[in-house]
Amino acid sequence: MLRKHATIVMHSLAAAIESLDESEALNSVLLEVGRQHVKRNVKSKIILRLWPALSYGLESYLKEKYTKESSTAWKKVFFYIVKQMKVGMMASDSEEEATTSSY
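Reading the sequence shown from the start, the letters are residues 1 to 103 in our numbering.
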């Protein structure tokens, strides 16, 4: 299960990078990904903890191509993705609160 999710994450990361020029479309996808993580009871601080593992994986795969500059670029992309996901997570929490408070 974890391997499957890791594969999905890596494919999603690649798709996000390919979509950087289409920020509105990318943001809407990332917001939805954030909402989906709330449904699975995933907290944003857990997502933030993925950076060291992702960085290690990238370094292992890219080897000498994983320079300080490329690490900085990957980190910026990662935290942009996390930021947008957190917006979606907060929106999902707000929607849930509005639904439950109306009962």
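Each residue gets a CB set at the ideal place from its N, CA and C atoms; glycine is no exception.
Quantities reported herein were computed from a predicted structural model and do not represent experimental measurements.
Query	Result
Rounded C-alpha distance that separates serine 28 from methionine 1	26 Å
Boundaries of the alpha helix (DSSP H) in which tyrosine 56 is found, first to last residue	50 to 62
Nearest-angstrom Cα separation, counted from glycine 57 out to isoleucine 8	15 Å
Spatially closest choice to alanine 16 from Leu48, Arg3 and Gln84, by CA coordinates	Gln84
Supposed contact pair serine 55 and serine 71 - C-beta distance, whole angstroms, cut 8 Å	6 Å
Three-way DSSP call (helix, strand, coil) for glutamate 69 in this model	helix
Distance between beta carbons of arginine 3 and methionine 89, contact taken as under 8 Å	Going by Cβ atoms, the distance from methionine 89 to arginine 3 rounds to 24 Å, so no, they are not a contact pair.
Valine 104 and isoleucine 47 closer than 8 Å at C-beta	A question about residue 104 goes unanswered here, because the residues of the chain that appear run from 1 up to 103.
Candidates Ser60, Ala91, Val87 and Val77: closest to aspartate 21 by CA position	Val77
Helix, strand or coil at lysine 43 [DSSP, three-state]	coil
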